[in-house]
Amino acid sequence: MANDASTVSDARPPAVSNDLLADPFTPPADSTLWRTNFLLGAATASYQIEGAVNEDGRLPSIWDTFSATPGKVLAGDTGAVACDHYHRWEADVDLLTSLGLEGYRLSVAWPRVTDAAGKPNRKGLDFYKRLLARLKEKGIQTFVTLYHWDLPQHLEDRGGWLNRDTAYRFADYADLISRELAGMVDAWATLNEPWCSAYLGYGNGHHAPGLADGRFATQAMHHLLLAHGLAIPVLRANDPASQKGIVANIGRGTADSDSAADRRAAHLFEVQHNAWILDPLLKGEYPQDLFELWPGTEPLVLDGDMQTIAAPLDFLGINYYFRTNVASDGARGFRDVPLEGVERTQMGWEVYPDGLRDLLIGFNRTYANLPPIYITENGMASDDKVVDGRVDDTQRISFLKRHFSAVDQAIKAGVDIRGYFLWSLMDNFEWAFGYERRFGIVHIDYSTQKRTVKRSAECVAKFLKERQARI
Ligand code: FCB
């Protein structure tokens, strides 16, 4: 596989094809998404795209260790090369620009920018400085996530997120990186999806570091949220002009029947997926229903922690993918009851845009202090193939159109939503599913690293062009 930093972009600019004349995508004229201050961008994450895991002093992360463990990732895939973005970043920025995308959400790899003592690794930092400088030059707004799951392995060796000290190490890392990158970032997000880090990483072991214990999950969550709360004032002090927030994945749970028991089950599903994170952040307390669902898992909380966690936010990032239909499972709370005959994606996830709308409207009611929202991830995987140089991802086009409409409906119902980032700019390492699941609007051929703009990307580009022409 080519690893040459000088490789010129092989991505072609998006040609708007004739078959789009029928326009299966563009939002209707009354959609709020036509507002030019509604930011439209795409998202990626360090471990999923960068590769170059042993270069320029990068240390191993928990995902290097986990993916090298047989049986943990489909087909034994790892992020060792991924999209080779570490070397191809210039071409990738050109691609982003050629599509007219206005925002880019990326993450910094903690083990790339610090050494084992927490001191700066200049070469790693320089990579992000070059990248952010180029994005700024191109007028692209940058949303930078500090932690998209690639914990330095040396911290995991000392207990990872089960060790309270990791929260303080995270605050130190936030301090270092925000001093280094001050003025180059439009919005900082502390964590990506603490639910996945805590539950999948420490509760059921599907993600790195692969531990499985209910009490671990709640304690890891507490330390993650504490890390977030400690980092927010640090980011404010070091980079006052930028926005500060956090990114949460949210899940819609619907009841399989109208019975009180099933409705309670759907409520508990949403407590476990949403309130577990949003209540501490926005109300300064854990939802008591969570510990009814998982008795005996209350984390150790020290005086002042909840106040730290509830630090005011400038924005809340929301990642939404699908809904889960559930029924009561007695003392175990809920069980999934997959619906028959519904549309699903390559992940098996149901396409359910109403879930996004309903959750956003619900949060707006529940949380008096709900900050402005950015949809920081939304998208779908499909088994995309390049045929005659093109990728016809029709399901994604329709998926995006319907989710844009859900966002529009939530805005019209009074939710303050400021932007939307597609997941993802390009196909990438989809964690436990490796490279088989393709979420990109740009196709990656992993044997040649050739980038091919999919038809969905052409649609988005066409819409953005029309919208920008209105200014
Ligand atoms: C989210 C992750 C992101 C990506 C999508 C499909 O949970 O934040 O990295 O894997 O799912």
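In the numbering used here, the protein residues as written are 422 to 892. By construction, the Cβ of each residue, glycine as well, lies at the ideal position given by its N, Cα and C atoms.
- Please state if the CB of A464 and the CB of F842 are separated by a distance shorter than 8 Å. Counting from one through the sequence shown, the residue named residue 842 turns up at place 421. Counting from one through the sequence shown, the residue named residue 464 turns up at place 43. In contact: F842 and A464 (Cβ atoms closer than 8 Å).
- Item | First and last residue of the uninterrupted alpha helix (DSSP H) at D779 | Within the sequence shown, the letter at position 358 stands for residue 779. D779 -> alpha helix (DSSP H) spans P774 to T787.
- Are A802 and T766 closer than 8 Å when you measure CB to CB? The residue given as residue 802 occupies position 381 in the sequence shown. The residue given as residue 766 occupies position 345 in the sequence shown. Cβ atoms of A802 and T766: closer than 8 Å.
- Query: Apart from the five residues on each side of it in sequence, which residues of its chain come closer than 6 Å, Cβ to Cβ, to H649?
  - Reply: For the purposes of this step, residue 649 is taken as the residue at position 228 of the sequence shown. Hits under 6 Å: T611, L612 and I667.
- Query: For the ligand FCB, is there a heavy atom less than 7 Å away from the beta-carbon of H649?
  - Reply: Position 228 of the sequence shown, counting from 1, holds the residue named residue 649. Outside the cutoff, so no.
- Task: Flag this pair as yes or no: are the beta carbons of L645 and L602 separated by less than 8 Å?
- Result: Within the sequence shown, numbered from 1, the residue matching residue 645 stands at position 224. Within the sequence shown, numbered from 1, the residue matching residue 602 stands at position 181. Taking 8 Å as the Cβ cut-off, L645 and L602 do not qualify as a contacting pair.
- Query: To which residues of the same chain is H628 closer than 8 Å at the C-beta, ignoring the five residues directly before and after it?
  - Reply: Residue 628 sits at position 207 when you count from the first residue of the sequence shown. Closer than 8 Å at Cβ, skipping near neighbours: F487, W570, C617, S618, L621, G622, W852 and A853.
- A503 beta carbon less than 8 Å from that of G545: As a position in the sequence shown, residue 545 is number 124, starting the count at 1. As a position in the sequence shown, residue 503 is number 82, starting the count at 1. Against a cut-off of 8 Å, the Cβ pair of A503 and G545 comes out as no contact.
- Query: Should E471 be listed as close to the ligand FCB, given that the test is whether its C-beta is under 7 Å from any heavy atom?
  - Reply: Stepping through the sequence shown from its first residue, residue 471 is reached at position 50. No, since every heavy atom of the ligand FCB falls outside the 7 Å radius drawn around the Cβ of E471.
- Item | Residues near Q830 by beta carbon distance below 8 Å, same chain, minus five either side | By one-based count along the sequence shown, residue 830 stands at place 409. Excluding residues within five positions, the ones whose Cβ falls inside 8 Å are R778.
- Task: Note down, in chain order, each residue of its chain lying with its Cβ closer than 6 Å to the Cβ of L480, except the 5 sequence neighbours on either side.
- Result: As a position in the sequence shown, residue 480 is number 59, starting the count at 1. For L480, where only same-chain residues beyond five positions count, the Cβ hits under 6 Å are P532 and P573.
- Query: Does DSSP put K544 in a helix, a strand or coil?
  - Reply: In the sequence shown, the residue the question calls residue 544 occupies position 123. Looking at K544 - three-state DSSP - the assignment turns out to be helix.
- What does a CB cutoff of less than 6 Å around A638 pick up in its chain, not counting 5 residues either side in sequence? Working through the sequence shown from its first residue, we reach residue 638 at position 217. For A638, where only same-chain residues beyond five positions count, the Cβ hits under 6 Å are A619, Y620, Y623 and G624.
- Should A530 be labelled buried (16 or more other beta-carbon atoms within 10 Å of its own) or exposed? Position 109 of the sequence shown, counting from 1, holds the residue named residue 530. A530 is buried by the Cβ-count criterion.
- Query: E851: beta carbon under 7 Å from a heavy atom of the ligand FCB?
  - Reply: Counting from one through the sequence shown, the residue named residue 851 turns up at place 430. E851: yes, Cβ under 7 Å from the ligand FCB.
- Say the cut is 7 Å; is the CB of C504 nearer than that to a heavy atom of the ligand FCB? The count along the sequence shown starts at 1 and reaches residue 504 at position 83. Because no heavy atom of the ligand FCB lies under 7 Å away, the Cβ of C504 does not count as near it: no.
- Query: Which of the three DSSP states, helix, strand or coil, is assigned to R590?
  - Reply: Within the sequence shown, the letter at position 169 stands for residue 590. Helix, per DSSP.
- Of all the options A501, P630 and D775, which has the alpha carbon lying nearest to the alpha carbon of G674? Here residue 674 is taken as the residue at index 253 of the sequence shown, counted from 1. Among A501, P630 and D775, the Cα nearest to that of G674 is on D775.
- Task: Report yes if the C-beta distance between A676 and G754 is below 8 Å; otherwise report no.
- Result: Locating residue 676 in the sequence shown gives position 255, where the first residue counts as 1. Locating residue 754 in the sequence shown gives position 333, where the first residue counts as 1. The answer is no: Cβ separation not under 8 Å.
- Message: For the ligand FCB, is there any heavy atom lying closer than 7 Å to the beta carbon of A771?
- Response: On the sequence shown, residue 771 is found 350 positions in, with the first residue counted as 1. Reading off the sequence shown, one finds Glu at residue 771, where the question assumed Ala. No, the ligand FCB has no heavy atom inside 7 Å of this Cβ.
- Query: Leaving out the 5 sequence neighbours to the left and right, which residues in its chain are closer than 6 Å to L442 when beta-carbon positions are compared?
  - Reply: The residue labelled residue 442 in the question sits at position 21 within the sequence shown. Low per-residue confidence applies at L442: pLDDT is 44, beneath 50, and the placement is therefore not dependable, though the value from the model is reported in the following sentence. The answer is none, since no qualifying residue turns up.
- Message: For the ligand FCB, is there any heavy atom lying closer than 7 Å to the beta carbon of F820?
- Response: The residue labelled residue 820 in the question sits at position 399 within the sequence shown. Not so, every heavy atom of the ligand FCB lies at least 7 Å from the Cβ.
- Kindly indicate which residue of L723, D700 and V772 has the alpha-carbon position closest to the one of L737. The residue labelled residue 737 in the question sits at position 316 within the sequence shown. Ranking L723, D700 and V772 by Cα distance to L737 puts D700 first.
- In three-state terms, what does DSSP make of K704? In the sequence shown, residue 704 corresponds to position 283, counting from 1. Of the three classes helix, strand and coil, the one that applies to K704 here is helix, per DSSP.
- Neighbourhood of R433 by C-beta, 6 Å cutoff - its chain only, sequence neighbours within 5 removed: On the sequence shown, position 12 is the one that residue 433 refers to. Because the pLDDT at R433 is just 41, under 50, the model does not fix this residue reliably, and the point stays unresolved.
- Task: Can you check the region 476 to 525 for any alpha helix (DSSP H) of at least 4 residues that lies completely inside it and give the ranges in chain order?
- Result: 483 to 488 and 506 to 519
- Is it the case that the Cβ atoms of I796 and V828 are separated by a distance below 8 Å? Position 375 of the sequence shown, counted from the start, is the residue given in the question as residue 796. Position 407 of the sequence shown, counted from the start, is the residue given in the question as residue 828. It is a contact, given that the beta carbons lie within the stated cut-off.
- Item | H569 beta carbon near the ligand FCB (any heavy atom closer than 7 Å) | Within the sequence shown, the letter at position 148 stands for residue 569. True, at least one ligand heavy atom lies under 7 Å from that Cβ.
- Message: I need the straight-line Cα distance from S438 to R891, nearest angstrom please.
- Response: Numbered from its first residue, the sequence shown carries residue 438 at position 17. Numbered from its first residue, the sequence shown carries residue 891 at position 470. Because the pLDDT at S438 is just 44, under 50, the model does not fix this residue reliably, and the value given afterwards should be weighed accordingly. Going from the Cα of S438 to the Cα of R891 covers about 22 Å.
- Query: At which residues does the alpha helix (DSSP H) containing A686 begin and terminate?
  - Reply: Taking the first residue of the sequence shown as position 1, residue 686 is located at position 265. Start and end: A681 to E691.
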